[in-house]
Every structure is written in C-alpha cells, then in structure tokens.
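**Student:**
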Amino acid sequence: MSLPGASASQDLIGKLSCFRRELYACLTTRGDALFELADSVLCTDGPVRTLVDLALAPEHRRGHGGLYGGLNQGRIDFARLRRALASLPLPRAGDGRLVLAVDVSPWLRPDAATCPDRSFCHTYGRGEAKHQMMPGWPYSFVAALETGSTSWTAILDTVRLAPGADVAALTIAQLRDVVERLIAAGQWHDDDPEILVVLDSGYDTPRIAHFLSDLPVQILGRLRSDRVMRRPTPPHVYDPKGGRPPKHGGEFVFGDAATWGPEHALTVTETRHYGTATAQAWDRLHPRLTRRAAWLDHDGPLPIIEGTVIRLVVEKLPSGGVNRPLWLWWSGTGATAADVDRCWQSFLRRFDIEHTFRLLKQTLGWNRPRLRNSQAADRWTWLVIAAYTQLRLARPWPLICGAHGRNLSPRTNSPRPESGAGSGTSARNSRHQPVHPNPLDPAQAVRSARRTGIPPPVTRWVVSSPQAKPSADPPTTRWAPNPVGQLTGNGSDIHTEPMRVEETLKLALARVFTPIAIIIVSPVLLVAGAPIRRRYLRHIYREEAPDILDKANGHVSIHYFALNSQLLHWLCIATEALTRRTGGGR
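Just add 41 to wherever you are in the sequence shown, counting from 1, and you've got the numbering used here.
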C-alpha cells in the first residue's frame, strides 16, 4: 500500500479537520471532556473494554471523574451533529443513487434493574442459541451503503426507541428527517435517481412506503414466506344483481406456486459466493389492509399500496445452510430486469450494517459502559459514532487506519476556547500546562508494551506565553508512532520514518528472559527475598540512576519487567511478613 497523492492527502486532512471542528462545536457543555473522550476511543491500545481504561489514555487529560461527569452532565447538539454527518461525502451506487439501510441494534442491560427507559430487545445466540427477549436500550440506525469489496457504511442518524414505541412510526419519522437533511445538504437533486431505503424483516414495509410517498425515496423490504398479497383490482363489470365492485384482485400466496402466475421479469445471475441467483418479479401486488393495529385510527378508506414482489433463489449459501427462497417487496412498479437485479443486490449489501454494529460493539466499545441513565447512553452513542466517522474518513491512509480500519492514532490537544466558554474543570490559565498530565505508571506501561511492543508517549510540559491569547480552534493532530511507521508534519509534506527494530527486539528478549532469571535465583528469594527486593529498589531508584522508562525515545529498561513480575512478588511473600516484624531490610 502507498499513501495517496499530495492533493488527495490535503483534501482528506481538510475534510477530517472540518468534521473535528464541527464536532467540537456540537459539544456545548463539558466540551473538552467529551472531545478528549472521543479521541481516547480512537487512540487507546486495543478494543475499548471500560471507560476507566479510556481515562488512562494519554489523550484524556482528566481523571475518570471528569470522564463520567462529561457523560452524565455534558450536552451535545444532536441536531447540528446530524447535519454535519449529512454534509460529509457519502458513498453511492453505480448509477449515483444513495442507498440507505435501516436496522435496530440493542444495547443490552439485563442486570440494570433500576435503569430507566429500558425495553425488551430481541436477541439470538445468547445462552442456548435461541431467540430471547432481553432488557436493554434499542437504537435505530440509518446508514448509507457502499459498493465494492468493502463493508464500511456511513452512519447518518440513530434514535433510541422508547418503551412501547411504534417501530414503524418512529422509522417513518427518522427516515423523513434524514432525507430532508440530505436534500438540504445538497446530497440529492431533482435530476438524481430516487433514494433507495433497504429494510429487513420486521418492518411494515408497505406502511412505511405509503407515508413516505411524498419524498423521493423507494422502499425495499424483506417479507415473511407465509404472506399473502392481492393482485390489482379487476376492471369493473356490470352485474345485474348489483352490489359493491371488488376492491382487490385474486390472491398471491407466497407458499403456493399455483397462485403465482407468469412473472413480469426474470433474471439469472452468476455469483461467486451464491452460485446461480434466480430472481422472479411480479408487478402491482399489494397487501389487503384491515382496520386494526396500525390502521385502526386511519381516516377515510384504506389505501391500496401497490408494489413489486421479488422472489430470489440462490444455488448455495456460503455457510452451507439451507437456501430458502427470499421474498422482497419494492415500492416501485413496472420493474425491469435491471431494477430487479438492483433491488436484490442492494438488499444483500444491507448486511454491511451488521459489520458496522460489530465494529461499534467489539472494537469501539459502544455497549461496554454500564451507564446509569439513558441520556448518558445517548451521549456516549453519538461520541462512538463520531469516532467511527473519523475512522471512515481516514481509511484511505493505510498507515493510520491499519489493516482492519482500526486505531486512527492521533495524539490531539483538546481545543481551548475563550475564557468562560465550555467546561470549567480544565486549568486554562495555567502557565505550565502538561500536554499529557496522566502518565502511565510502570505497571500500565508494561501492559501497553506487551500489547503493542512500543512504549506509550512521554509526558511533556509546554510553557505557554502569558501574552498568548487562547485559541478557540479545534485541535491540530500530531500523529503518534504506529507499528508501520510515523506520520509527521501538517499533512502537506508527509513522510514515514522506520521504527527502531533493535528496541523492539530488546523488549521481546527482556520479556522472555526476565522470568527465567527470577526462576534461577528463586531459592535465594525464598530465603531472603524481601530484604533483597528492598535493596534492589533503592538501587534502581537512586538519583544518579538512568531512567527506567524513556517514552520519548521508545526505551524501556529491563528493570520494568523485574519490578512488575508477579513471580518475583510471590517469591518474596514468604519473607515479607518476617521482615516487617523485625524491621529488617531498612
């Protein structure tokens, strides 16, 4: 892989910088704490497991109390952040069409009996691998799908479902807001193809299509295999007996091939993973609505919502499972062969949003925190979405995103607004402000070195001029070392520097041979381990001794591994109590 050209790099840095600037402007209360928390999600070593671990990251310059204070008492302008996401470059299909996917992902909280606003969320695969309803916070996501060999999606919106909410009604309102924001941001024009919205089973697809018919959208959803549709209304024929003319045509039973009749479109496509894919389409089919459930309070006669039913059959499944037919309903009529292929291929791309959920949960730690109230959960959700968006914008840089699109690795100064703005918890007027006032202790440094092979960055003190006026600009990014190389400069003159291989080799040798050396001297440590350990500590911590940890130069002394060895601690336990009683070893 290679870095993009200079102009592309500058354009990429400009888009990423503008989004970070807009993100900080959306954090109206405790903005510094929330902004540093979002940077900690990007820069932490490995997957996010707890919020306390994020407080130990060098990018987070506050304690864990400030972290929880930002989530519990901070404020985010969600409307402005949604507009910022809609104004970013979005992926499009081959014909320039925007394809949106909608799905619900739960944040399960079964053990939080006192948390408000919990709902029962449908899950599968927990326990005995069966369908279960678990308490939690369900969130409805809307994301733009990409094409090609990638599973990245552009998240545009998320809404938490309240207990007892009508999912279809909330989805209608959410999609309406998203489409209107896209039109206002210039993402869709009058001469562009209509936006395609893809839904999975569980949504009332015809109802959603009916209430969004005034927008330039097409709805595509999956239907159960036991549904029954109706054909178009037959032409009126005079009947001498009188009576009301029929409103619906004959039945189209999904499970009875005798009721299908000839299809209006048929396509056969050879695929790499599914073999031969055969798609059949029947035009102008609609469900028979009744005045119950969602249509109970509908004014006037019930509508006839016509669309195209598509039946997809594949030769095989990549997993080796049973390849049952897939039934789809598209809000358009008069489908051609190209429309049928576009519909079922777009539905298969909908599963990319499942990979997005997996990245949010398993890597960025969306559902890891155990927060008390749902408002804090909403703030944390939007911070994770902001971090994910930065990863998506920076993924053309292989040195930044890595092989799996993870670890943006910017080491960022939090924006410093004018005096009196934002949170009052940071010392803005201090003459000597540490860039990273939360350095890692020896144990944390060793754990970080074991995971990455590179020590964390050193704490450096910056002496600010008393005449300098605080800047309200968002942070400038100084890219931290990574296993591939190092990015330096402001983006216009990007170059790489090779990592010190000899230091990494020394770390590996010290990690291996330190336990061996402790085992060799274990008989002596069992007899006089505590006095020896105390004299050893005084020796390595004397004033003229060299630094044990030099994070600026990427150097870790072998004494780190000896001091933090659990084996050394266990061998000294036998004599520690005796030494304390007799006062020896002083």
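Note that the Cβ used here is the ideal one computed from N, Cα and C, for glycine as well. Quantities reported herein were computed from a predicted structural model and do not represent experimental measurements.
Pick out whichever of D233, A185, S181 and I581 has its Cα sitting closest to the Cα of A210.
**Tutor:** S181
**Student:** Would you call S464 buried or exposed, if buried means 16 or more other Cβ atoms sit within 10 Å of its Cβ?
**Tutor:** With a pLDDT of 35 at S464, under the threshold of 50, the modelled position of that residue is not reliable, and the figure given next carries that caveat. By the neighbour-count rule (16 or more Cβ atoms within 10 Å), S464 is buried.
**Student:** Using the C-alpha atoms, what's the distance from N364 back to Q51?
**Tutor:** 48 Å
**Student:** Would you identify the three-state DSSP class for V258, choosing helix, strand or coil?
**Tutor:** strand
**Student:** Go ahead and label I249 buried or exposed: buried means 16 or more other beta carbons lie within 10 angstroms of its beta carbon, across all protein chains shown.
**Tutor:** buried
**Student:** Going by beta carbon distance, what residues of the same chain come within less than 8 Å of W421, once the five residues before and after it are set aside?
**Tutor:** L112, W407, P410 and L412
**Student:** Q321 bridges to which residues according to DSSP?
**Tutor:** L307 and R352
**Student:** Got a sec? Which residues, its chain only, sit under 6 Å from A603 by beta carbon, not counting five neighbours each side?
**Tutor:** T555
**Student:** Should W370 be labelled buried (16 or more other beta-carbon atoms within 10 Å of its own) or exposed?
**Tutor:** buried
**Student:** Find the nearest neighbour of G290 within the set R71, R272 and A306, judged by alpha-carbon distance.
**Tutor:** R272
**Student:** Nearest chain D C-beta to A378 closer than 8 Å, yes or no?
**Tutor:** In the structure shown, chain D does not exist; there is a single protein chain.
**Student:** The beta strand (DSSP E) spanning S146 covers which residue range?
**Tutor:** V140 to L149
**Student:** Comparing alpha-carbon positions, which option in T349, L337, W301 and V381 lies nearest T319?
**Tutor:** When only C-alpha atoms are compared, the closest one is V381.
**Student:** What does the Cβ neighbour count give for R579, buried or exposed, with the cut at 16 atoms within 10 Å?
**Tutor:** exposed
**Student:** According to DSSP, is L343 part of a helix, a strand, or is it coil?
**Tutor:** coil
**Student:** Would you decide whether H610 is buried or exposed? Buried here means 16 or more other CB atoms lie within 10 Å of its CB.
**Tutor:** exposed
**Student:** Going by beta-carbon coordinates alone, are Q215 and V239 separated by less than 8 Å?
**Tutor:** Judged by their CB atoms, Q215 and V239 are not nearer to each other than the 8 Å cut-off.
**Student:** Using CA coordinates, which residue listed in D218, P286, G135 and R313 is at the minimum distance from D198?
**Tutor:** Looking at the Cα atoms, D218 is the closest of the given residues.
**Student:** Give the C-beta separation of R150 and W178 to the nearest angstrom, bearing in mind that I take them to be a contact with Cβ-Cβ under 8 Å.
**Tutor:** 7 Å
**Student:** Measuring alpha carbon to alpha carbon, tell me which of L619, Q431, T616 and S606 ends up nearest R61.
**Tutor:** Of the listed residues, the one whose Cα sits closest to R61 is Q431.
**Student:** Tell me which residues share the same chain as A134 and place their Cβ nearer than 7 Å to its Cβ, disregarding the 5 neighbours each side in the sequence.
**Tutor:** V140 and T188
**Student:** Who are the Cβ neighbours of E63 in its own chain at under 6 Å, not counting the five residues just before and after it?
**Tutor:** A125
**Student:** Do A74 and A427 have their C-beta atoms within less than 8 Å of each other?
**Tutor:** A distance of 8 Å or more separates the beta carbons of A74 and A427.
**Student:** May I have the straight-line CA-CA distance separating P204 from A334, to the nearest angstrom?
**Tutor:** 17 Å
**Student:** In angstroms with no decimal places, state the Cα-to-Cα distance between T331 and Q173.
**Tutor:** 30 Å
**Student:** Is it right to say L57 is buried, meaning 16 or more other beta carbons lie within 10 angstroms of its own, or is it exposed?
**Tutor:** buried
**Student:** G443 by DSSP, collapsed to three states: which one?
**Tutor:** For G443, the predicted model reports a pLDDT of 42, less than 50, meaning its position is unreliable; a value from the coordinates is still stated below. Of the three classes helix, strand and coil, the one that applies to G443 here is coil, per DSSP.
**Student:** Any idea which residues DSSP pairs R433 with across the strands?
**Tutor:** None; R433 has no bridge partner.
**Student:** Counting only the same chain and skipping the five closest in sequence on each side, list residues whose C-beta sits under 8 Å from that of V565.
**Tutor:** Within the same chain, and ignoring the five residues on either side of V565 in sequence, the residues whose Cβ sits closer than 8 Å to its Cβ are I573.
**Student:** Going by other Cβ atoms of all chains shown within 10 Å of its Cβ, with 16 needed for buried, is G446 buried or exposed?
**Tutor:** Note that G446 scores a pLDDT of 37, beneath 50, so its modelled location is shaky and nothing firm can be said.
**Student:** Using a threshold of 8 Å, state whether the C-beta atoms of A299 and A376 are closer than that.
**Tutor:** Cβ atoms of A299 and A376: not closer than 8 Å.
**Student:** Give the range of the alpha helix (DSSP H) segment to which F295 is assigned.
**Tutor:** No alpha helix (DSSP H) holds F295; DSSP gives it neither H nor E.
**Student:** Would DSSP call V89 helix, strand or coil?
**Tutor:** The answer is coil: DSSP assigns V89 none of H, G, I, E or B.
**Student:** Express the C-alpha separation of V220 and A306 in angstroms, rounding to a whole number.
**Tutor:** 30 Å
**Student:** Within 10 angstroms of its Cβ, does V425 collect 16 or more other Cβ (buried), or is it exposed?
**Tutor:** buried
**Student:** Under DSSP, the alpha helix (DSSP H) around W385 begins and ends at which residues?
**Tutor:** A378 to R390
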